Structure formats: C-alpha cells, structure tokens
Amino acid sequence: MRQTFRSLSCALLFLLSFGAASSLGAQDAQPTPSISTSELDIDLIRQATVFVIQASRFEESLNITCFGSGTLVSRDGLVLTNAHHVVSGASCPGDVIIIALSVDPNAPPIPRYRAEIVQSNLGLDLALLRINREYDGRLIPTDSLALPFVTVADSSSVQLDDTITLVGFPGIGNDSVRDQSGTVVTFISEPGAGNQAWMKASVNIPASMTGGGAYNREGELVGIPTTAPVNPDLPGASCVTLQDTNRDGFINDSDICVPVGGLISTIRPSQFATPLLRAAQLGIRIDTPNDGSEQMNAASGSPTFSRLFFSPSVNEAGMPAQVIRSLPPGSNSLYLFFDYANMSPETVYEIRVTTDGVPNATFSLTPVRWSGGSRGLWYVGTSGQPIPNGAYEFTIVANGIPAETARLNVGEGIDTNPQFSDIIFGISDSEGNVSGNGYILPVGNTASAVYIYRQMQPEVPWAQLWYYEGVEIARTEQPWTDGTSGAKTITIQDAEGLLPGQYRLELYIDGRLGATADFTLAGAPQGALPQVFTTARFVRADTPTSALTAPPSNNFPTGEESIFFAFDWQNLSPGTPWTVRWLVDDLLFSEITAPWNRSPSGNGYVIGISNPSGLPDGTYSVEISLGALRLSRTEARVGIGQLPIDPFAQSDGVRLRGRILDVQTSQGIEGVSFILINELFSVADFLGRYDQSMVTALAITDREGRFEIDRPLSFETPYSVLIVADGYLPIQADGFTLDPEDLPIDLTIYLSRG
Amino acid sequence: MAAIVEIGQQQDQGNLRQRWSHYFVLAYAAVSIIVAVNLRISVLNETLPYSDVETGIRARYPVGWLIETGEDYVFQVRNVGRIGYKTSIQVSIRPVSLNTTTRNLLDALSLSRAQTLTAYRVLAIEDGLRIANDIPATRMRYVFVDVSPDATLQRIPIVVEAFDVIAIQEGQAIIMSFLADATTFEQERPAFERFINETDF
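Heads up: the sequence lines are chains Y and X, in that order.
Here the first sequence stands for residues 1 to 754, where the numbers follow this note's numbering.
Here the second sequence stands for residues 755 to 955, where the numbers follow this note's numbering.
Structure below.
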C-alpha cells in the first residue's frame, strides 16, 4: 500500500513547492492575487474582527439591545471589546452576547457564536469575552475552536505621529469590516493610568467601531477605539429603534432604543487589556470578599464637578505641581483638575475643548465611561505635545449634559506673580526635618507639608487651609514674612492625635488658590513610614473562613485549585482607596482599586484565587498599595514556580490557506485533508504510523475547496505535507519552508482523480 | 430495386495451440482479477497495531486512519482520506463504582452530549451483546449534526450516525464509539466490526 501510494504520487512531488505566490497542482501553477507583502496583515486583522451584539430575551426571541465591534485575541475564542456594550446595565440591559464573524471580508458579518464575559472592567470600558456556545446555544467543547486572532502588543511603545490603523464595523451589521489609517496626535493622562490613559487618532470613525482594534504598522493590536453612548433614558442620549421589541406590531418609542454614540477618535491603549487577557488565559478567578465596596462606589445622585483648575504638571502621586491661570508660549503639558462626586462606572463623561471658540479635537476627550471612584480629585491632561497659543475653554460633560467650564490662556508670557508649588507631606522630627514617602503618612499627632515659593513679596496675604474628609479643620491667614523664594514647612497637629483618613491642603496667595494636594493618614508609625498591612501571607485552605487559621505557606503543589491570601490591617479609614494587584511571574493579571470598607483596624482580610482545572504553575505575588505607594508584597510558588509556555499564544508566523480543486472540473473538492507534518518527520515516517503527534495541523476543505491552517506556522521550518482524499491521487512533499516576506500564503492545488 | 445480400457464417477454427492460448489468457485474466481483488481487499483491510500499557488495550486500526490520543479518550482513529465526515472510532474509559450500571453511563453520556452536539438524539439501546473475550456489552445508537467549528469556511453541517458499545470490566467502563456520515453508515460499519473483533482489553 505504502509503495503504491508513493509511486502514484511521485509524479506530482516536484510540483509541490511553497513560497510567495506559489501554487500546488498536477496541472496549472497559477499565482494567487491575494498575497500581500505589507507587514500589516490586514486580511488577518479583518478576519479577527468581530461584530458584537448584546441581546435580551423576549418570549421566544432575542431583541438587540446594544452592539459594537470586537477583536479575536486567541485561537480558542477570546474576544477583546468594550465593556459598555456587553456588560448588562442600564444602557445595555441584554444578557445574551452574539458574535458575528467576517466570513467574507467584503460582506456583512454573519452571526456564528454566543459568548460569555470572562473578565471586565467597567471603568476602563474593557471586556474579554469567551466564545462558548454555538449560535443555537449549544456548548462548544473546550479547545475545539481554532479562530484567526491578532497579537496584543505593548501599547507603551506607541509614539506621537505613529501610524495606526483603526478596524471595526462601521454600521449596524449592514456593512463589512472597515479599516481606516491615521496617526497618533496626542496622549491623554488620567489618574492611575500614567501619561497614556488614552490615545487620540487623527481620524474619526463611526461609533459602532467602538470595541474594535487599533493596530501599529506591524499589525499588532495596540489599542481599542472607544466611545460610550449615553444611557437612552437620559436627556443627553441618542439611540435608534431597530425592532418591534414588544411585539405590538409597531416600531415606536415603546420599543427598545439601542444607544449610539458619535464619532470616535479616542483609543484605550492595549496595556490596560493585558491583565484581563492574562487572567482569562490562565483561567484564574479572583474571589474578593463581598464587603460592600461596590455599594460605597455607587453614585447616589447626579454627577457634580467643582474646583476646576489647571496645572502644568502632575507628580507621581497624581497631585498638581501648582495652580495656574495661564501658560507661557511653547508649553507642552497641561492638566485640568477637578473634584467630582456622584460618579459611577456607568457615567459617560466627556471633555470638550475649544481654542479661540473653535472645537479642538486634539485635546478633547470623546464620551467615555468613568474610570474613577464615586468622589474625589481627578485630572485630564496631556504632556509632550506642543500646545498652540490661544484662549482655551474646557467643558466637562456628564451623560451628554455640559456641567462645568474652565478657561485658560496659552501664550501670555511668563507669570511673574507670587507662586506656590510642589507640596509634599511628611513627618517632622525634632529638628524640623520632614521625612516620609510624600503622600501616605502614619497616624500620629502631626503632619507636615513642604512647598516651594517663588516671586513672593513681603506682606502679601497668604492662607493655608487644611481639610479632613472634605471638612475644613484648620485655617491660618497672615501676611508673608519669609523670603522671595525658597521652601517652607508648615504643620498641622492635634494633641489628641489626627484621625486616619483623607486630608487636603490648600494654599492661597492673596485670595487665589496657588497650590493644593491631598494626602492620607493610615497605619502605625514605623519611623516616618506607615505600617498599614501586616502579617500578609498565603495559606492553603478549603474556605475563606478556614484560611484565617491556616498556617502560612509559600509553596503549593502543581494543580492546586485554589489558594488564599490573608492579611491584617491597622488605622485604615473606611473610604480610603486601596489597591490590590496580583501578578504571576511578575506579570500583572489583576488590579482592583476600591474604597476600604472594613473597620479601621482588624484581622483576617482574605482574598482567594482559583481555577477549577488547577492554578497554572508560577510565582504568584500580591501587592497592596495606597495611592501610588506599595505597602506590601508577598510571594508564593505553585508547582515549579514558572508559567508554562503556550505554543499558540502568538499569532506571529505565516498563515497558510488555499483552495483544492478537481483538475478536470476546476471545482473545489469538499472534505480533502491537508495534513501538515511537523519538522521532525517526513511523509514516509508519517505514512508508517499515521500518528496525530506527528501532525502540526490538519485542515479540511469546505464546500468550495477552501482550507486554512488554524495556527501560524514558523518561519524557516521544514514541514512536510500530505494531501489525501478518497478517489483522488494523493500529493505529498517533504522539506519546504515558509518565507517571512510572504504573508499570507494562498495556494491553489489541483487533485487528479485516480 | 432492393436486394438482399446474405452473409454466411464464417467459422474461424484456430489450431490447438491458439485455442489453448485463448484458454490460458482467459484463465490468466481470471486469476489476475481474483488476485487483484484479494490484493485490494487486503490493502483496504490492512491495519496497524496499537497498544496502551496503562489501560491494557490492544487494538488494530486501519491503515490511512489518523490516530490520536486525548484527555477525553484513550485514543481515536479517523479516516482522514474520506471525503465528507471523517469516519471515526474512539475508545474511552470511565471509572465506575459497584453501583454504576451501564444505563447510568449511557445517561451520563447523553446528558453531556446533549450540551455540545447539535440535534443530538438517541435512536436505540440494545443490551445482550458480546464482544471480545465474551464480555457482555450494551450498544447505544444515536445521531447528531456535525457543525464545523471553523467559522471562516463554508462547510455544510453533516448528519452523523453513531453508536457506542459499552462494556464494564474490572472496575472501569470501556466505551467504543463509531461515528460515520449517516448516508454511508452501514457501508462503513464493517470497519468497526473488524476493529471490535481485533481489540483486546
């Protein structure tokens, strides 16, 4: 049999060759026209872009409630998209998520699957879906999917003026996937997100492309175009009615109105999606105690904004360096600060900027979900970007309704008025030296602030106002008696001890706010540093309750399904924002910031992580922070202490696809097996065993004879190929390689009957 | 005016040698056909050995069928050369307790498959079978629609007919499944019969 097989196919062997524009066949070798030489594999990107529909059940049918775009980021069906159109809420009340694919890149998407939410962050407006069911609701077996996907890149490598391509679906399901290229025109900063909370593109794309992808020149996903429509029930919203959702025979106001947004130019950098993706790929679930943090974070009224001011820079704690009313010409950084209240992750906010009365798209922030807490201090700004001269007007818009406006002139010359700046906090020693970490101080009787003063004049009236949890607790107003410039230390003290919590200092010069900063008192003094979280440890236990008494452990066996992390705390005021970060092999996979909602001191705060299939081997770390200050880090090893390697994690490589035709009819042959044998074996080896372990990939042709290898193939690797179908002479070949210059490879192969 | 032309019968009587030559050619052709048919049958029925020390299963599977092992089964072989649904034989093992009955296993299989297989339906369950070493077995026949998971290709769903042969032996259940296109199920079935006959547990 084997010999016969070889003899029949040997005449065809030499015809099998791989490379750019190659084709296989017993007859005509025809170059295929669909080969691209660009690094940006737009064809793959289009295939990996999906249309996401959220729907709600009504009687026996589904009503569309929201829609947007998404991107496949793993071969087993992880979809990265926005949270606002998939997570059930007031704007999008549906509970079924449909995924439609671009089967034909030039045609509208076709609904194929259902998906579930595996990770989401409402504030960041990111969600990771996992395709888990067929369109008809049947479960899809784990690992049976092999979908085209793109690589998620590190967005911090993106620079101003870099070319990016935005991809998504421009319409409500009637249009094919669209790509539009532009450049990065600015980065927008927000608290907790560094200087790249958002990227702004030079092009505007339709709102339905929200949740799609922004790609660099290498075709890697660097961002997610994002805009959030306002809840249709609110006055500032816009929406469209698509269906007779109540089945009354009419399409009118009583039917579900699907929210739509305006044009998008704002992109959420992919670095914010990486932890979600990592957690989903590792299958890790984090079980935090239900202690009411969500309720504390919930808004109880309409959003309000106050105390708007500008600063030319922000320090590492997210505090303004100083308060300004104008900027000199040639400035390249500017931040708008404001206090906010009654905000929630469902609040849609927007910054509209005009320059000399003309809308300024570069510095505006299109409507996006709120990523902060319910109340506090916030900023939006940009740095490293030249700011043209002019009269700027910044308007904060919440849920489509303009709220507050602040104005600033740029290009007015250097400010020669007296100035305060750069407030930092610490604990004073007996000699008046201030030490500490700047913004998180231990609870005690005193707290000191050091600030810079410049261009001060004698007898200029100045004032210091201290606040605790928003309430003024101390004030002094007096004429200036120090020098023209230098550093000054001021102190607040209470003989009975300052309470733990959030404090604010405001410094005024002649009735004008000159500088301000917030700080937190928490923990017991350990020198000038606070000791807030103690006895942090990993434990092995069956339940959170038993974890409280379990002995600490830093080593866990391979396959452990759950481990717990516990700690004690002291002097931490309820409402203080704290952050817990989980890392594996120093790779972040979860970061949660929430207001503290336990008593100020106590024992046994327990957080668990679990995976029903067993936690992956690795070195797990937990970091606890207040603000930007990390106060605790604890490590434990699971198994060998190192993550396993996923051979399919990257989409780099050559994608191989093609068509297999009948040489007589030129019609596609359905059901032909295209077997790609790995580099360790020849076709002859394979024919002796027919063992799947020798196979790199197996593709079966569809009704038109089309096939596609379901994973990227390595460059320069000598594969072997066997093509078999009953009734046709087989084709086989050894030792062909794939060239990185040829993306994708599209083959045409002819089979002869025999 | 029409004319009738009569052609007389011509008798071509060769000599004895020629006649024997004809007989020899006919005999040679007949033998060749028989040999070719036998060769074809032996080629089509050619098998490769498989053995698994851990489970103690020894089997022979057809040449040209791709063999693979997995988490959910001991091994599976697929006729990758077949056009359309790739006829498959799958062998899996499930632990059982003293109280587990064959019907319990069938119910568990059905519940699981109903979640993942489109239009899954059990057609019949037959008891009283005997397989290798006279082990009693039960057979469950069922159908489902095979939908390709590859969403980017245009593949029409295929109605698949299948049956499981289940035997409980030494604290474990051995499940041998045969799956084929419903339109050719009976034609393909002998391959499974041969497989069962050549399998030892």
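Don't be surprised by glycine CBs; every beta carbon is placed ideally from N, CA and C.
Keep in mind it's a predicted model, so treat the numbers as computed, not measured.
Cα-Cα separation between residue i and residue j, rounded to whole angstroms
i	j	result
X:Arg771	X:Phe917	59 Å
Y:Ser364	Y:Arg407	14 Å
X:Gln830	X:Tyr782	42 Å
Y:Arg753	Y:Val73	40 Å
X:Val834	Y:Ser673	6 Å
Y:Pro644	Y:Ala280	15 Å
Y:Thr737	Y:Pro718	5 Å
Y:Ser430	Y:Arg537	36 Å
Y:Gly527	Y:Asp415	40 Å
X:Arg893	X:Leu859	12 Å
Y:Ile140	X:Ala934	20 Å
Y:Pro525	Y:Ile490	20 Å
Y:Gln322	Y:Ile424	12 Å
Y:Pro418	Y:Thr481	13 Å
Y:Leu747	X:Gln908	17 Å
Y:Arg540	Y:Ala547	7 Å
X:Thr906	Y:Asp76	14 Å
Beta carbon proximity, residue i to chain Y, threshold 8 Å
i	result
X:Asp900	no
X:Gln908	yes
X:Glu822	yes
X:Gly882	no
X:Thr870	yes
X:Asp918	no
Contact with chain X by residue i, beta-carbon distance below 8 Å
i	result
Y:Val103	yes
Y:Leu166	no
Y:Val79	no
Y:Asp136	yes
Y:Ser34	The predicted position of Y:Ser34 is uncertain, since its pLDDT is 31 and thus under 50; a value taken from the coordinates is nonetheless stated next. So no, Y:Ser34 is outside the interface.
Y:Val724	yes
Y:Asp691	yes
Y:Glu675	Looking at the sequence provided, one finds Ile at residue 675 of chain Y rather than Glu. Yes, its Cβ sits closer than 8 Å to a Cβ of chain X.
Y:Pro243	Pro is not the amino acid found at residue 243 of chain Y; the sequence shown has Gln there. Taking Cβ atoms only, chain X never reaches closer than 8 Å to Y:Gln243, which makes this a no.
Y:Gln47	yes
Y:Pro148	yes
Y:Leu139	yes
Residue j beta carbon less than 8 Å from that of residue i
i	j	result
Y:Val177	Y:Ser265	no
Y:Val150	Y:Thr71	yes
Y:Ile117	Y:Val86	yes
Y:Gly501	Y:Thr576	yes
Y:Leu128	Y:Leu277	yes
Y:Leu676	Y:Thr696	yes
Y:Arg130	Y:Ala115	yes
Y:Asn231	Y:Ser91	yes
Y:Leu166	Y:Met209	yes
Y:Asp244	Y:Asp255	yes
Y:Ile42	Y:Asp179	yes
Residue from the options whose Cα sits closest to the Cα of residue i
i	options	result
Y:Gly373	Y:Leu656, Y:Ile53, Y:Gly627 and Y:Gly432	Y:Gly627
X:Ile910	Y:Ile677, Y:Gly671, Y:Asp739 and Y:Asp429	Y:Gly671
Y:Ser306	Y:Val638, Y:Trp378, Y:Ile98 and Y:Pro170	Y:Trp378
Y:Leu513	Y:Pro552, Y:Phe519 and Y:Pro461	Y:Pro461
Y:Ser625	Y:Ile592, Y:Val152 and Y:Val683	Y:Ile592
Y:Ser331	Y:Thr382, Y:Thr366 and Y:Ala321	Y:Thr382
Y:Ala487	Y:Gly432, Y:Leu145 and Y:Thr535	Y:Gly432
Y:Phe169	Y:Thr81, Y:Asn216, Y:Tyr113 and Y:Val158	Y:Thr81
Y:Pro329	Y:Asp41, Y:Ala273 and Y:Glu412	Y:Glu412
Item checked: Residues within the stretch 827 to 860 of chain X neighbouring chain C, beta-carbon criterion of under 7 Å -> No chain C is present in this structure, whose protein chains are Y and X.
Item checked: the stretch 601 to 613 of chain Y in contact with the stretch 276 to 285 of chain Y per 3-pair CB rule at 8 Å -> yes
Notebook entry, point to check: With contact counted as at least three CB pairs below 8 Å, one residue from each stretch, are the stretch 651 to 671 of chain Y and the stretch 681 to 690 of chain Y in contact?
Noted result: no
Note to self: Using 8 Å as the cut-off, can you tell me whether the stretch 203 to 212 of chain Y makes contact with the stretch 131 to 141 of chain Y, which would need three or more C-beta pairs spanning the two stretches below that distance?
What the structure shows: no
Check: For the stretch 490 to 507 of chain Y against the stretch 458 to 477 of chain Y, are there 3 or more C-beta pairs whose distance is under 8 Å?
Finding: yes
Next item on the list: Please confirm if the stretch 614 to 622 of chain Y is in contact with the stretch 549 to 567 of chain Y, defined as three or more CB-CB distances below 8 Å between the two stretches.
Entry: yes
Check: Pairing CB atoms from the stretch 859 to 874 of chain X with CB atoms from the stretch 917 to 931 of chain X, are three or more of them under 8 Å?
Finding: yes
Next item on the list: Check whether the stretch 925 to 940 of chain X touches the stretch 849 to 859 of chain X, taking contact to mean three or more Cβ pairs, one atom from each stretch, closer than 8 Å.
Entry: yes
Check: Do the stretch 336 to 356 of chain Y and the stretch 392 to 402 of chain Y make contact, defined as three or more Cβ pairs closer than 8 Å?
Finding: yes
Notebook entry, point to check: Does the pairing of the stretch 562 to 573 of chain Y with the stretch 251 to 270 of chain Y give three or more beta-carbon distances under 8 Å?
Noted result: no
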